[in-house]
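Residue numbers (the numbering used here), protein chains in the order written: chain A, -15 to 913; chain B, 12 to 161.
Just so it is clear, CB atoms sit at the ideal spot from N, CA and C, and this is done for glycine as well.
Now the structure itself:
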């Protein structure tokens, strides 16, 4: 037994690939049995056989027996002894699943029970007119150890398609010279079939001085049964084919020869040998030869190769380095041809000479002499250079070699980038299986039609979309496709179909999943919206179909009547959308009631190369991914300039105030240059501005990880090498903003400002998101400030919490804890564990009060339609962005908290109020200019 | 046991590192500073397309960052993506030492340096060569820990 973990790992990887291939073939049967030809069957057979062969060297019996069972079935299919049925396919798929687990963890495979499975596989089509498969031992021995009658053995063998052979094995040439023992040989043989009996051929030896015995050694006679052809056996066990005598030909060969369906009567060994003559002389049949020979060299027929990702990455790196060197080479060459540096050197020399003349006084003649000498020298040099350039250009191989390097490098770079891309068909084929299983599970008949136009995707993208795609397919199968009965009634084909297609356009790939099911019933969604209490009936009625459909992308929203194993838990499409957006893609849904739904995903082909903007800060360049930049504002120092409000920088952008942070300041770089531009960075909540010295360029960069040691600096997401070979750090603007501690205060002020200008009918509100994703609202007019507060500044005095804030002591209300319980879940706000808490400072009846909230979500203008209160502490509910939002009753909350706010009232409160008022006033005046 | 030692100089001190821990020696590379990084990080460099972090050996030894430009010689240690460059003042000879001739580093060394150096060897010129702990040299994690101990 071999005990090499490396070989085993390689074998596992290979086996997993084989299993994938077989799965694809079985799925092909499933969809259209006629499309499967002998080549497919053979390759499936070969794949399983390779697994069996490979692992049996490791003495992994379970893998061997399972693959053997599957191999047998596939062999029978190949010989048209079995029809392909749904049961059989299912059994084979189950077998593949278990086999996949076993080969993935071969060391544990022995613990897996597979007896039932094997039975299931072998009996999958028992009810058909098939030959039952007999798994009893071939060679029966009675109690005394005697062999069962030969006839019975032969009968057993014939039902199993095994031919019987007599192998003559000479100990000298076949064993000793090949450095193998009889035991080794026996092992090799047992992989191929069953050894029935072995004996030493004593009859052929006349005596010990028999010349033949001296040259060839003893002869062993091995009686051997196998499904394989003599020729193959001879190759595998490496003995000359003349030494393999076919005793009894397998049944299928006889069938093909006699073209009769009648069961073959038992033939005695003598008659068998006559048949053998006939068969052996015939050219080997392809169906017999194919199965094992190619499996021995299957790795050569495969047109793909496993490569370590490390090596690939290194190749990519070296490739880009080569491009850089090429660029430099070209640049230098042009320089030499144009004599740039030499000419300038010459000019400098002359200049130096002239300078030295300046020092000398008078002597006009000497001066003239020097000038004319210099000029002659210059002209001479120029001529030499001219001819040198001419010669350089003239050297035929130099320019063409350079051109060639140029072309080869460009092409190589393209190919290297392609290596990382995988055909998406690889992923899509897996889904055929997924949909098949889903159909079975749901009692529906669903066909997945894969239509990929050979789009290639980066492996990272491919891995990342697997889950979202599975989700969408589940949705389509569960919600989209109707039951066969319903479909029949509707006049649709009973089998539902889902089309999965991919189109590549530019740097993007568009993946479309279209089902022919019932479509999304927006009336039903509207009903659920009302049932779930998200909106009121009349409110829903006002929404457009598209707006209603958007609801299904919300967390926790499911219209499925019951939660099935497949879907309906409501954690679906919102996850899909966020995942896709994370990859820089987008996700849309189109639907037509009764006709089906189309999901469209648009994704970038690769994540490795991203467009980025190069900005300058101090001496060096920094890259910012384009995807993060919403817009670039060039500062002109007049209307477009950064203004300062209470030491905070803001930029007025159209009607919005955007907080601005400075890159130099954040990176600790000397800040003495005027800022030329502000990048407006898109974040999940609010945009902010990043002011930079200069915008240098827009380039495509390859993101490289930086050393883990530098990961603790959150300002960088990686590094890259620019076209000139210089290093450039890639900035992570959201982290920079976080470290800069962009305060909500500024947002607050900004809102106060816009609020003043806003129409009367609208109210400026602040949205707070709770841990459960529900929203609460506060009127901006009640709010004094928004603060990020460190837990260090919070103290428990008596049984109440207080916040030290700018020399004041403010009572703190833990909003969630104060409200009467509506849902279960974590309600306690642990001050100790939260680093930075969002605190909303509001004007209570007796002064400033801090409301501790989970997350400040947004501040915006909204039209408020008040409706009932949901619970104590909530003034009323209103619909904000289609979400029911509870508006807090601050007065009631203070009562609930039983705060005697009168005690807490301080002079400071008033002062701080005035300050804020003044600040707001200031903003308005500023903007009024 | 005889060992091959690559010697270098940092702040006048002779230091040696087992030759099998050294991946490559390279001089005079452009270094791109990394703002906000610790003082031990001199920056990043582009070594044939690989981005490598440059650590100042002075910082590992605990010398304060006194603004001295330091050396231009890089000793590359560590494998694959974790390769780092140790910036030293000057590269010396490769010498062969007899481990039996080595002494333990004097206890007057700082705790940090007693971790960093396993032995001290006096070469034929009479210079004391501190021998870097090979474990530390080979593991960028350990080096980082040492840097963090400042």
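Residue interval of the beta strand (DSSP E) (run including residue i)
i	result
residue 29 of chain B	24 to 29
residue 506 of chain A	No beta strand (DSSP E) holds residue 506 of chain A; the alpha helix (DSSP H) holding it covers 506 to 515.
residue 641 of chain A	640 to 646
residue 795 of chain A	792 to 798
residue 131 of chain B	128 to 133
Neighbour flag for residue i against chain A, beta carbons, 8 Å
i	result
residue 73 of chain B	no
residue 70 of chain B	no
residue 95 of chain B	yes
residue 34 of chain B	no
residue 52 of chain B	yes
Partner residues on chain B for residue i, Cβ-Cβ distance less than 7 Å
i	result
residue 305 of chain A	59, 60
residue 914 of chain A	As shown, chain A starts at -15 and ends at 913. That puts residue 914 of chain A outside it, with no answer to give.
residue 301 of chain A	60, 61
Closest residue to residue i among the options (Cα-Cα distance)
i	options	result
residue 718 of chain A	A:396, A:650, A:159	A:650
residue 512 of chain A	A:297, A:536, A:755, A:502	A:536
residue 954 of chain A	B:115, B:96, B:40, B:119	For chain A, the structure presents residues -15 to 913; residue 954 of chain A sits outside this window and is missing.
residue 801 of chain A	A:766, A:565, A:754, A:157	A:754
residue 703 of chain A	A:557, A:783, A:637, A:596	A:596
residue 449 of chain A	A:25, A:584, A:310, A:297	A:584
residue 433 of chain A	A:576, A:16, A:373	A:16
residue 52 of chain B	A:861, A:418, A:725, A:697	A:697
residue 28 of chain B	B:16, B:34, B:150	B:16
Residues near residue i in its chain [Cβ-Cβ closer than 6 Å; skip 5 each side]
i	result
residue 834 of chain A	787, 794, 796, 823, 825
residue 44 of chain B	54
residue 701 of chain A	714, 716
residue 85 of chain A	none
residue 63 of chain B	56, 94, 96
residue 494 of chain A	487, 586
Residues that residue i contacts on chain B, provided the C-beta gap is smaller than 8 Å
i	result
residue 652 of chain A	46, 47
residue 697 of chain A	45, 47, 48
residue 506 of chain A	Correct list: empty, because the minimum Cβ distance to chain B is about 51 Å.
residue 604 of chain A	43, 44
Cβ shell of residue i (< 8 Å), same chain only, five flanking positions each side left out
i	result
residue 70 of chain A	14
residue 110 of chain B	12, 13, 14, 130
residue 396 of chain A	303, 306
residue 200 of chain A	154, 155, 156, 157
residue 10 of chain A	28, 73, 76, 77, 80
Enclosing alpha helix (DSSP H) for residue i [first to last residue]
i	result
residue 35 of chain B	Unbroken run through residue 35 of chain B is the beta strand (DSSP E), 33 to 38; no alpha helix (DSSP H).
residue 23 of chain A	22 to 40
residue 217 of chain A	214 to 221
residue 303 of chain A	293 to 321
residue 9 of chain A	-11 to 15
CB contact check: residue i to chain B, cutoff 8 Å
i	result
residue 709 of chain A	yes
residue 690 of chain A	yes
residue 693 of chain A	yes
Under 9 Å from the C-beta of residue i: neighbouring residues of chain B
i	result
residue 703 of chain A	43, 45, 55, 62
residue 713 of chain A	43, 45, 46, 55
Neighbourhood of residue i by C-beta distance below 7 Å, restricted to the same chain and skipping five residues each side
i	result
residue 560 of chain A	452, 455, 456, 571
residue 523 of chain A	863
residue 465 of chain A	428, 430, 480, 499, 501
residue 115 of chain B	130
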